[in-house]
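Working notes for the structure below.
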Amino acid sequence: MFPCLTSDLANSQPDEKAVMTYVSCYYHYFSGMRKAETAANRICRVLKVNQENEKMMEDYENLASDLLAWINRWMPWLANRSTDDTLRQAQQKLEDYRNYRRSEKPPRIEDKGRLETLFNTLQTRLRLSNRPAFCPRDGHLVKDINAAWAGLEDSEKGFEEWLLSEIMRLERLEHLAEKFRRKCALHEEWAHGKEDALRSNDWRSCGLYKIKALRKRHEAFESDLGAHQDRVEQIAAIARELNNLRYPDIGPINARCQAICSQWDRLGQLSSKRRETLEDAERIAERLDSLYLDFAKRAAPFNNWLDGAREDLADLVIVHEMREIEELVSAHDQFKSTLGDADREFSSINQIEHEVEHLVTSHGLDRELLRNPYTDLSASDIRRKWGEVQSSVPRRDSQLQSELKRQQNNERLRTIFAEKANQVGPWLERELEQVLAIGLGGRGRLEDAIQQLRSIQRNVLGYKSNLDELERIHQEMQENFVFENRKSRYSMESLRVGWETLLTSINKTINEFENQVLLRDSKGISEEQIAEFRASFSHFDKERAGLDPEQLRACLISVGYTIRPGREGDAELHRVLAHVDPNRMGRVPFEAFLDFMTKENSDQDTVEQMIDSFRILASGKTFITAEELERELPRDQAAYCMARMAPSREPGAPPRSELFDMDNILRYGSVEGIPLYNCSGHTSEEWSELKGKKWPILGACQAAYGITIDILYLPILSIIFEKENFKMSCFKIMYLLGIIDFCITYVNSILTGWLAMKGAVYCTHPNIIYISGMIVCALWCSSCMTALLLVANRLLGMTKPSLAVKIFDGRKTYVALMFPILYFIYFLFTAPLVFNSKYLAWFYTPMIFDDGATEYFNHSHTINNFLIVTLTCIVYTPFRWVIGTNLKHVKNANTSQLQNTKTQVFLQSTLICAANQVCAVIYVVMNVTEVPDWIIIFAHFTWEFIHGAPVFIYLALNRMIRERFLEKMNVMKGGAFRETTSMMPINKSGASPVVIVN
Numbered sequence: 001m002f003p004c005l006t007s008d009l010a011n012s013q014p015d016e017k018a019v020m021t022y023v024s025c026y027y028h029y030f031s032g033m034r035k036a037e038t039a040a041n042r043i044c045r046v047l048k049v050n051q052e053n054e055k056m057m058e059d060y061e062n063l064a065s066d067l068l069a070w071i072n073r074w075m076p077w078l079a080n081r082s083t084d085d086t087l088r089q090a091q092q093k094l095e096d097y098r099n100y101r102r103s104e105k106p107p108r109i110e111d112k113g114r115l116e117t118l119f120n121t122l123q124t125r126l127r128l129s130n131r132p133a134f135c136p137r138d139g140h141l142v143k144d145i146n147a148a149w150a151g152l153e154d155s156e157k158g159f160e161e162w163l164l165s166e167i168m169r170l171e172r173l174e175h176l177a178e179k180f181r182r183k184c185a186l187h188e189e190w191a192h193g194k195e196d197a198l199r200s201n202d203w204r205s206c207g208l209y210k211i212k213a214l215r216k217r218h219e220a221f222e223s224d225l226g227a228h229q230d231r232v233e234q235i236a237a238i239a240r241e242l243n244n245l246r247y248p249d250i251g252p253i254n255a256r257c258q259a260i261c262s263q264w265d266r267l268g269q270l271s272s273k274r275r276e277t278l279e280d281a282e283r284i285a286e287r288l289d290s291l292y293l294d295f296a297k298r299a300a301p302f303n304n305w306l307d308g309a310r311e312d313l314a315d316l317v318i319v320h321e322m323r324e325i326e327e328l329v330s331a332h333d334q335f336k337s338t339l340g341d342a343d344r345e346f347s348s349i350n351q352i353e354h355e356v357e358h359l360v361t362s363h364g365l366d367r368e369l370l371r372n373p374y375t376d377l378s379a380s381d382i383r384r385k386w387g388e389v390q391s392s393v394p395r396r397d398s399q400l401q402s403e404l405k406r407q408q409n410n411e412r413l414r415t416i417f418a419e420k421a422n423q424v425g426p427w428l429e430r431e432l433e434q435v436l437a438i439g440l441g442g443r444g445r446l447e448d449a450i451q452q453l454r455s456i457q458r459n460v461l462g463y464k465s466n467l468d469e470l471e472r473i474h475q476e477m478q479e480n481f482v483f484e485n486r487k488s489r490y491s492m493e494s495l496r497v498g499w500e501t502l503l504t505s506i507n508k509t510i511n512e513f514e515n516q517v518l519l520r521d522s523k524g525i526s527e528e529q530i531a532e533f534r535a536s537f538s539h540f541d542k543e544r545a546g547l548d549p550e551q552l553r554a555c556l557i558s559v560g561y562t563i564r565p566g567r568e569g570d571a572e573l574h575r576v577l578a579h580v581d582p583n584r585m586g587r588v589p590f591e592a593f594l595d596f597m598t599k600e601n602s603d604q605d606t607v608e609q610m611i612d613s614f615r616i617l618a619s620g621k622t623f624i625t626a627e628e629l630e631r632e633l634p635r636d637q638a639a640y641c642m643a644r645m646a647p648s649r650e651p652g653a654p655p656r657s658e659l660f661d662m663d664n665i666l667r668y669g670s671v672e673g674i675p676l677y678n679c680s681g682h683t684s685e686e687w688s689e690l691k692g693k694k695w696p697i698l699g700a701c702q703a704a705y706g707i708t709i710d711i712l713y714l715p716i717l718s719i720i721f722e723k724e725n726f727k728m729s730c731f732k733i734m735y736l737l738g739i740i741d742f743c744i745t746y747v748n749s750i751l752t753g754w755l756a757m758k759g760a761v762y763c764t765h766p767n768i769i770y771i772s773g774m775i776v777c778a779l780w781c782s783s784c785m786t787a788l789l790l791v792a793n794r795l796l797g798m799t800k801p802s803l804a805v806k807i808f809d810g811r812k813t814y815v816a817l818m819f820p821i822l823y824f825i826y827f828l829f830t831a832p833l834v835f836n837s838k839y840l841a842w843f844y845t846p847m848i849f850d851d852g853a854t855e856y857f858n859h860s861h862t863i864n865n866f867l868i869v870t871l872t873c874i875v876y877t878p879f880r881w882v883i884g885t886n887l888k889h890v891k892n893a894n895t896s897q898l899q900n901t902k903t904q905v906f907l908q909s910t911l912i913c914a915a916n917q918v919c920a921v922i923y924v925v926m927n928v929t930e931v932p933d934w935i936i937i938f939a940h941f942t943w944e945f946i947h948g949a950p951v952f953i954y955l956a957l958n959r960m961i962r963e964r965f966l967e968k969m970n971v972m973k974g975g976a977f978r979e980t981t982s983m984m985p986i987n988k989s990g991a992s993p994v995v996i997v998n
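For the sequence shown, position 785 matches number 785 in full-length UniProt numbering, and the numbering has no gaps at all.
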């Protein structure tokens, strides 16, 4: 209907009647719908009330059932008042009751109240709804629940009081039981092991004092046993009380009490028995102790007598005189007379031992008691030693008789030897005195003295048969072990020495006189002068062993030779010692002294005369050729000269020409002969111990560093020498600088490391250190000049290119390189640097003398270190400024890269200049004043660094050299030099690298 109505109203405009018709229809329709809704609501309300009532009835029944079940569960538990529970069970029951009152009952009281409320509310609702009253099933009425609750309340009354009183009763019983157990535990702890101790037979292995101690201990035990009687009675009383009070767990209590009482009775019986046993054992031990003491008193002295007798009888019969063997025979006869008394003493000691063994065996004592506590001696030892003495007496008789016969024969040999030796000895002394008298002077002409000595020599050789006879007699005496002869004033050894001394003195004196004759004839020296030298030498040669250095000084002064005091005099004495004692024996013989004095007083071949002679052979030239030497001198002398003369570097000198300014070699013969470098005062080992110090680890590290640097330098030098690089003047200078670095590193790192490991000083390896120091000093100064030349080359190349071309273009660079080369040659002839391992550095002084070192000071080296090095560092300042200016004009350059390059150049040049300056200054300062050791070592390590650093700078900063290096090492293939800016080390002001720009 409504869709039609809507469609009608939606059509054209409706009239009033139609509208009213439609409104009437709506009213009737909605009025019918309202009545139906009211009827439905009434039905729903009634049904809802019925459902709620039924729900309340169901809740009442459930709640009543739960409450009654809970009451029925607790009533029997509260009604149980039995006394059979233990204390723990009673305490748990009290805890359960309190939990019942606190946790179980309060919710049930609320349930009971809610149940009554629910019943009343339900009855009211039913009455209002005109419904019949609610009647619960039997037993669930409110009165039934109240009756059950009243019964529960009655059961609760007095339950807690009864439970508390029961707990108190059980606590008292438990306290008594715990007291019983504690007393039982203490008693059992005390009684533990007592029965075993009382039954023990430990007294069977005890001596007297131990048995007395056991008795005292047992008496103390019996006193303790009486004191424990009260404790046992207390234990029994507590057990009876627990029985009377009906203690629940009474069974273990009674059993334990019975066990303690039974044990107590056994202890009393065992104690009495042990007391009696110990009393008997003490009586036996007293007898044994008496026997032990008697045995010890007798056995000790008898054993000492036996030991002495055995030692005497077994002693070797070693005598050297007749008197000694006669004394031994007499002593042995006296010993045999005492054997009867010794046999009786042995019997007494043996009897004591038998009685002791009987007592121990018969009473069942431990066999250990057979050992005597007063001595370690036993009867078996005494019997064994007595048997040895009895068997040794006949053997001793035989030995003494045999030795008596041998000594009678030895006495005969002593007499024969003494008679002969007392004749030969004085004769040798007289002849030796005669030879010494001739040797000391007062004999006239030298030829007459030689004739006298030869006559004496013939007489001595003719007297040899007497010495041979003595040798035969002496040999027979030695075969018979005769080593002492008081009848003779001379031993065979002294006679031999006298004979040999006589012959040696004769030969030596004849040789001295013959040499003096040769000196006299060749040098024109008179016999009076020789006698004067001999007298002075003999005056100071007190020991007749030659002159030591101080005696030589005094002797030279006595004959008029001038030796000044101080260092100059010491140097002169060292020069004299190098001549008279070349082998450093420490003693100067008269022949060497006479030869030196003869040379000093005769026409000498001076160095100047030798140089003039060579100049004559060379026709006035400053050098001499090998052909001229071979033509003018014998072949062997010419070869000797050529082996020791340095090659000449004079302009126009032929290839095989020799420099005849041999200076030190001609002047002193060798490096060791130079006075200020003479090491004859000590041996090499003594010099090392006095002045050196071994650095095994540090030296090995230095050598390894030097070897690494030199190995890396070889391929780098070959790269610099390549044609396309060597065309540039700076590479030529760098090549020379690299060679100098290579050589210096060998000395200041490799050789220095080897010398440091050996603890070397100058006097341990004089030739190596002198020559190496001379070369390395010259190389250092040459490197300073070369570094200055390189900085000048680069500075001119960037500021004055035209001037740089005039000076360094093409082969002109070689002319410029002559300056550092000539500089090197000049420094070869200055004072060398000398290594000392104590400071791990090279000094001017060899440290032979303990005072100042001004004589060794190298002024040229000092000027180089202060002037050339400082000048090089100053030149670096405009060099850095020029590099910075040029970098600003580089096109397409990154600003940060340019700044980094400028900073790198500045830092490197500053650091290297500082290192060079510090090293150069310290090396001068440490040679004129004392500085701390660590500064010296630091300076030397800086020196090593500034010559090794170029290797790492080449490889790290120069891309072309790095790529060519890796290519040579087969690490990279190819590689081009594509940078317009390259990093090339200028090396040093003494060899310090710095980054420059091409």
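For glycine and all other residues, C-beta sits at the position ideal for the given N, C-alpha and C.
Computed from a prediction, not measured in an experiment: that's the story for all the values here.
Between which two residues does the beta strand (DSSP E) holding A841 run?
Mapped onto the sequence shown, residue 841 falls at position 841. Counting along the chain, the beta strand (DSSP E) containing A841 begins and ends at 841 to 843.
Could you give the first and the last residue of the continuous beta strand (DSSP E) run that contains N836?
Here residue 836 refers to the residue found at position 836 when the sequence shown is read from its first residue. Residues 834 to 836.
Identity of the residue in P878, E429, F726, V747 nearest T799 by Cα:
As a first step, residue 799 is located in the sequence shown; it is residue number 799 there, counting from the start. Nearest option by C-alpha distance: P878.
Taking 6 Å as the cut-off, is the C-beta of L556 nearer than that to any heavy atom in the ligand PLP?
Among the components of this structure there are no ligands whatsoever, and the ligand PLP is therefore not found.
Could you name the residues that DSSP lists as bridge partners for T872?
Counted from its first residue, the sequence shown places residue 872 at position 872. Note: T872 sits in no beta bridge, so no partner.
Going residue by residue through the stretch 501 to 571, where are the continuous beta strand (DSSP E) segments of at least 3 residues, counting only ones entirely within it?
none
Under the three-state reduction of DSSP, which class applies to F945: helix, strand or coil?
As a first step, residue 945 is located in the sequence shown; it is residue number 945 there, counting from the start. In the structure shown, F945 sits in a helix (DSSP, three-state: H, G or I).
Residue from C25, E357, A379 with nearest C-alpha to residue 1001:
A query on residue 1001 cannot be resolved here, the shown segment of the chain reaching from 1 to 998 and no further.
Taking just the CA atoms, how far does E178 sit from E241?
Locating residue 241 in the sequence shown gives position 241, where the first residue counts as 1. Locating residue 178 in the sequence shown gives position 178, where the first residue counts as 1. Cα-Cα distance, rounded: 13 Å.
Helix, strand or coil: how does DSSP classify A976 here?
One-based indexing of the sequence shown puts residue 976 at position 976. At A976, the pLDDT of 38 sits below 50, so the modelled position is not reliable; the number obtained from the coordinates is stated separately. Correct three-state label for A976: coil.
Let me know the secondary structure DSSP gives V924 once reduced to three states.
One-based indexing of the sequence shown puts residue 924 at position 924. Reduced to three states, the DSSP call for V924 is helix.
Would you identify the three-state DSSP class for residue 1006, choosing helix, strand or coil?
Residue 1006 lies beyond the stretch modelled for the chain, which goes from 1 to 998, so this question has no answer here.
Tell me whether I624 sits in a helix, a strand or coil according to DSSP, three-state version.
The residue given as residue 624 occupies position 624 in the sequence shown. Three-state result, I624: strand.
Extent of the continuous alpha helix (DSSP H) to which M818 belongs:
By one-based count along the sequence shown, residue 818 stands at place 818. That run of the alpha helix (DSSP H) goes 812 to 828.
Looking at I874 and I719, is the spacing between their C-beta atoms short of 7 Å?
Start at 1 with the first residue of the sequence shown, and residue 719 comes out as number 719. Start at 1 with the first residue of the sequence shown, and residue 874 comes out as number 874. Result no, Cβ atoms of I719 and I874 do not sit closer than 7 Å.
Using the C-alpha atoms, what's the distance from Y463 back to P425?
Here residue 425 refers to the residue found at position 425 of the sequence shown. Here residue 463 refers to the residue found at position 463 of the sequence shown. Residue 425 is actually Gly in this sequence, not Pro. Going by the C-alpha atoms only, they are around 12 Å apart.
Could you check the C-alpha separation between A920 and F533 for me, to the nearest Å?
Taking the first residue of the sequence shown as position 1, residue 920 is located at position 920. Taking the first residue of the sequence shown as position 1, residue 533 is located at position 533. Roughly 53 Å between the two C-alpha positions.
Please report how far the alpha carbon of Y247 lies from the alpha carbon of E276, in whole angstroms.
For the purposes of this step, residue 247 is identified with residue 247 of the sequence shown, where counting begins at 1. For the purposes of this step, residue 276 is identified with residue 276 of the sequence shown, where counting begins at 1. One C-alpha to the other measures close to 44 Å.
Taking the beta carbon of D605 as the centre, do at least 16 other beta carbons fall within 10 Å, making it buried, or is it exposed?
Numbered from its first residue, the sequence shown carries residue 605 at position 605. Caution is warranted here: a pLDDT of 49 is assigned to D605, below 50, making its placement in the model unreliable, and the coordinate value is therefore given only provisionally. Classification for D605: exposed.
Using only the alpha-carbon positions, how far apart do S65 and L118 sit?
For the purposes of this step, residue 65 is identified with residue 65 of the sequence shown, where counting begins at 1. For the purposes of this step, residue 118 is identified with residue 118 of the sequence shown, where counting begins at 1. The alpha-carbon atoms of S65 and L118 are separated by roughly 14 Å.
Classify R274 as buried or exposed, calling it buried when 16 or more other Cβ atoms lie within 10 Å of its own Cβ.
For the purposes of this step, residue 274 is identified with residue 274 of the sequence shown, where counting begins at 1. Per the 10 Å Cβ criterion, buried.
Residue range of the alpha helix (DSSP H) that residue 1072 falls in?
Past the edges of the chain, shown from 1 to 998, lies residue 1072, and the structure says nothing about it.
Simplified DSSP assignment, three categories, for G193
Translated into the one-based positions of the sequence shown, residue 193 becomes position 193. Reduced to three states, the DSSP call for G193 is coil.
F965, enclosing alpha helix (DSSP H) - first and last residue
Numbered from 1 along the sequence shown, position 965 holds the residue referred to as residue 965. 959 to 968 is the extent of the alpha helix (DSSP H) around F965.
Do you know whose CA, among Q408, D376, S378, I510, lies nearest D448's CA?
Within the sequence shown, residue 448 is the residue found at index 448, counting from 1. The shortest Cα separation from D448 among Q408, D376, S378, I510 belongs to I510.
Below 8 Å on the Cβ atoms is my guess for F302 versus I416; work out the distance and round it to an integer in Å.
Taking the sequence shown and counting its residues from 1, one reaches residue 302 at position 302. Taking the sequence shown and counting its residues from 1, one reaches residue 416 at position 416. F302 to I416, Cβ: 49 Å. No contact.
Near L267, what residues of its chain come up, given a Cβ to Cβ distance below 8 Å and the 5 sequence neighbours on each side ignored?
What you label residue 267 is simply residue 267 of the sequence shown in a count that begins at 1. For L267, where only same-chain residues beyond five positions count, the Cβ hits under 8 Å are A191, K194, E195, L198, L225.
Contact between the stretch 362 to 378 and the stretch 312 to 320 is defined here as three or more beta-carbon pairs at a separation below 8 Å; is this criterion met?
no
Local Cβ density within 10 Å of H175, reported as buried at 16 or more and exposed below that
Position 175 of the sequence shown, counted from the start, is the residue given in the question as residue 175. Per the 10 Å Cβ criterion, exposed.
Near G990, what residues of its chain come up, given a Cβ to Cβ distance below 7 Å and the 5 sequence neighbours on each side ignored?
Walking along the sequence shown from the start, residue 990 turns up at place 990. Residue placement at G990 is flagged as unreliable, the pLDDT there being 35, under the threshold of 50; the coordinate-derived value follows with that caveat. So the qualifying residues of the chain are W780, S783, C784, A787, V869, N916, A920, I946.
If I follow the unbroken alpha helix (DSSP H) through V776, where does it start and stop?
Counting from one through the sequence shown, the residue named residue 776 turns up at place 776. Looking at the DSSP string, the run of the alpha helix (DSSP H) that includes V776 is 766 to 799.
Give the secondary structure of K693 by DSSP, where H, G and I count as helix, E and B as strand, and everything else as coil.
Within the sequence shown, the letter at position 693 stands for residue 693. Coil at K693, not helix or strand.
Are the beta-carbon atoms of P696 and M757 separated by less than 7 Å?
Counting from one through the sequence shown, the residue named residue 696 turns up at place 696. Counting from one through the sequence shown, the residue named residue 757 turns up at place 757. In this structure, M757 lies closer than 7 Å to P696 by Cβ.
Could you check whether I506 and V435 sit closer than 7 Å to each other, using their CB atoms as the reference points?
Sequence index remark: in the sequence shown, residue 435 carries index 435 (1-based). Sequence index remark: in the sequence shown, residue 506 carries index 506 (1-based). Their beta carbons are under 7 Å apart, which means V435 touches I506 by this criterion.
Using 8 Å for Cβ pairs, my map puts F346 next to A309. What's the rounded Cβ distance?
As a working note, residue 346 is residue 346 in the sequence shown. As a working note, residue 309 is residue 309 in the sequence shown. Between A309 and F346 the Cβ distance is about 12 Å, and since that is not below 8 Å, they are no contact.
Counting only the same chain and skipping the five closest in sequence on each side, list residues whose C-beta sits under 8 Å from that of M20.
Indexing the sequence shown from 1 puts residue 20 at position 20. Result list for M20: empty, nothing under 8 Å.
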